[in-house]
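This report refers to the structure that appears directly beneath it.
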Amino acid sequence: MTTPLRLGIAGLGTVGVGIVRIVQKHSTLLATRAGRPIEIVAVSARSKTKNRDVDLSKYEWEDNPVSLAKRADIDVFIEVMGGHEGPAKDATEAAIASGKDIVSANKALLAIHGQALAETAEQAGRVIRFEAAVAGGIPVVKSMTEGLAGNEITRVMGVMNGSCNYILTRMEDAGLSYDAVFDEANQLGYLEADPELDVGGIDAGHKLALLSAIAFGTQVDFDAVELEGIGSVTIEDIHQAADMGYKIKLLGVAQMTGRGLEQRMSPCLVPDTSPLGQLQGGTNMVVLEGDAVTQIVLRGPGAGEGPTASAVMGDVMDIARGLRVSTFGQPAKTLRKARAARAAVAAPYYLRMQLIDKPGALAKVAHALGEAGISIDRMRQYGHEDTAAPVLIVTHKTTRTALEEALADFKATGVVTCDPVAIRIEAV
Ligand code: NAP
Ligand code: HSE
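Counting in the working numbering, the sequence shown runs from 548 upward without gaps.
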């Protein structure tokens, strides 16, 4: 008789219930593939009496996830509660201390405490796996730590928040404002309880920080991610970008530069014909570039019961089979602290502004750009009204510092009537 792998699940919400369903539905398949049975022993959530539409009667119940974490009869502690402090952190630490391997879907916890947790786990000979924490059902962590382990990763890019991609594509498809689609998404339950986690780029920033650590062998550093949410993206910019052959995406980019590690999560223009440009709705996409593989594109559902539980079970199966890969793909002690570089890589920018319709106004703007060393690639005046002239400029590659200098100078010209919009155009 082979020894079963015994699971304790903390959290019986969307993801937790999904895991229970897979274990119940596929018990024979899982046992055959792993060479040993996979059994749920005990579970925990806040409410014992809530109807979760799944049979929990065979499992032990723990009111406190820390007590679940310490049980002697579980091998793997699965943390699917959420939150980067409190019960999730306490229970994960307790589980490591009592000799359990960890499987987590909690990107916030790992983006903030991942280095300390990984060091503690590795010292104790335990593993922490977190496939479900990044891009839901897409096996991106496994791809990076295993399939691409022979590469030096040069760039990681991705659309990693389905709610934001839903909002941006819905705005374009229906011609609706950001506020209208935000309300719609909220009513449909697409947004986190605190929507700022989604639309402020925080959730996606957590995910990017985790992938950066694996890609560049650096300590996970969420504070170093430059964050800009999608709240300032207007339907006007979506239309103008489309007219020039671009889509606007909340795009995460991480790359090691001569000045340090650049990590950005911000709205960017990408070519509408590119895989990222064609990504619709709540789907996620991660683009990985390595020196040997060149480029691979992974696409799939970034959230939801099935996809997220699928990723958790992939990690559980690895543990059942005895595969023990370090949390971030190399021993946590060998991860170095990276110097943070702010938008060090030059790029073209999309600029939209309103000018006073007077002789020489455009010349003053062009002069400010020239003084900052920025060259104009394309320029267009459109929708001309009596007193104001909307103008679009696409620059050649420039640095963020030079752009900020030019934007400050625009104010001094006295011809730019409101704050210009500046969006980076990413080469993808
Ligand atoms: P959820 O539906 O809100 O469920 C959270 C579960 O945790 C609930 O069962 C809740 O109990 C339980 N819980 C909360 N605080 C607790 C405490 N103090 N003690 C015991 N149990 C507690 O969340 P979810 O969507 O499943 O997400 C879980 C984790 O997966 C989060 O870290 C999330 O970021 C991550 N994730 C989710 C998705 C997704 O598509 N949903 C995708 C990727 C990653 P009650 O049910 O009794 O309230
Ligand atoms: N709020 C997240 C999203 C859930 O929209 O992608 C998955 O992490």
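We put the beta carbon where it would ideally sit given N, CA and C, even for glycine.
Is any non-hydrogen atom of the ligand NAP found closer than 7 Å to the C-beta of V588, if you look at the structure I gave you?
Taking the sequence shown and counting its residues from 1, one reaches residue 588 at position 41. False, no ligand heavy atom lies under 7 Å from that Cβ.
How big is the Cα-Cα spacing for V817 and M803?
Residue numbering aside, residue 817 sits at position 270 when the sequence shown is read from its first letter. Residue numbering aside, residue 803 sits at position 256 when the sequence shown is read from its first letter. Rounded to whole angstroms, V817 to M803 spans 21 Å at the Cα level.
Below 8 Å on the Cβ atoms is my contact criterion, and I expect A771 with A658 to pass it. Report the Cβ-Cβ distance as a whole number of Å.
Numbered from 1 along the sequence shown, position 224 holds the residue referred to as residue 771. Numbered from 1 along the sequence shown, position 111 holds the residue referred to as residue 658. Wrong, their Cβ atoms sit about 11 Å apart, outside the cutoff.
At a cut-off of 7 Å, would you count S710 as near the ligand HSE, judging by its Cβ distance to the nearest heavy atom?
On the sequence shown, residue 710 is found 163 positions in, with the first residue counted as 1. Yes.
Which one or two residues does DSSP pair with V703 in a beta bridge?
Looking up residue 703 in the sequence shown gives position 156. DSSP, once it has assigned bridges, lists A801 and L835 as partnering V703.
First and last residue of the beta strand (DSSP E) that includes F763?
Here residue 763 refers to the residue found at position 216 of the sequence shown. Taken as a continuous stretch (DSSP letters only), F763 belongs to no beta strand (DSSP E), being part of the alpha helix (DSSP H) at I749 to F763.
Which term fits Y929, buried or exposed, when burial requires 16 or more other beta carbons within 10 angstroms of its beta carbon?
For this step, residue 929 is matched to residue 382 along the sequence shown. Label assigned to Y929: exposed.
Taking the alpha-carbon positions, what's the R871 to E739 distance?
One-based indexing of the sequence shown puts residue 871 at position 324. One-based indexing of the sequence shown puts residue 739 at position 192. So the alpha carbons of these two residues sit roughly 32 Å apart.
Where does E699 land, buried or exposed, given buried means 16+ other C-beta within 10 angstroms?
The count along the sequence shown starts at 1 and reaches residue 699 at position 152. Exposed.
Given this structure, state the Cα-to-Cα distance separating T945 from A663, to the nearest angstrom.
As a working note, residue 945 is residue 398 in the sequence shown. As a working note, residue 663 is residue 116 in the sequence shown. One C-alpha to the other measures close to 38 Å.
Taking C-beta to C-beta, are G849 and A682 nearer than 8 Å?
Translated into positions along the sequence shown, residue 849 becomes position 302. Translated into positions along the sequence shown, residue 682 becomes position 135. Going by C-beta atoms, G849 is nearer than 8 Å to A682.
If the criterion is Cβ atoms closer than 8 Å, does the pair R676 and A867 meet it?
Here residue 676 refers to the residue found at position 129 of the sequence shown. Here residue 867 refers to the residue found at position 320 of the sequence shown. No, they are not a contact pair.
Could you name each continuous beta strand (DSSP E) segment of 3 residues or more that falls completely within the region 580-641, going from the start of the chain to the end?
The qualifying runs are 585-591, 607-609 and 623-626.
Would the C-beta of E522 count as close to the ligand HSE, meaning under 7 Å from any of its heavy atoms?
Residue 522 lies beyond the residue range present for the chain, which begins at 548 and ends at 975; the question has no answer from this structure.
Taking 8 Å as the threshold, find out whether the region 781-792 comes into contact with the region 952-960 through three or more Cβ pairs.
No, the region 781-792 is not in contact with the region 952-960.
My assumption, with CB atoms under 8 Å, is that L845 sits in contact with V687. Please give the rounded CB distance.
Start at 1 with the first residue of the sequence shown, and residue 845 comes out as number 298. Start at 1 with the first residue of the sequence shown, and residue 687 comes out as number 140. Confirmed, Cβ separation roughly 6 Å.
Does the ligand NAP have even one heavy atom less than 7 Å from the beta-carbon of T830?
Position 283 of the sequence shown, counting from 1, holds the residue named residue 830. No.
Among the residues of its own chain, which have a CB less than 8 Å from the CB of R806, if the five just before and after it don't count?
Taking the first residue of the sequence shown as position 1, residue 806 is located at position 259. R886, A888 and A891.
On a CA-only basis, which of K617, Q670 and A936 is nearest D904? Give me that one, please.
One-based indexing of the sequence shown puts residue 904 at position 357. Measuring from the Cα of D904, the nearest candidate turns out to be A936.
Measuring CA to CA, which of A665, A655 and P551 is closest to E640?
Working through the sequence shown from its first residue, we reach residue 640 at position 93. Measuring from the Cα of E640, the nearest candidate turns out to be A665.
Evaluate contact between the region 901-917 and the region 752-772, counting only Cβ atoms and requiring at least three cross-stretch pairs below 8 Å.
Because the criterion of three Cβ pairs below 8 Å is not met, the region 901-917 and the region 752-772 do not touch.
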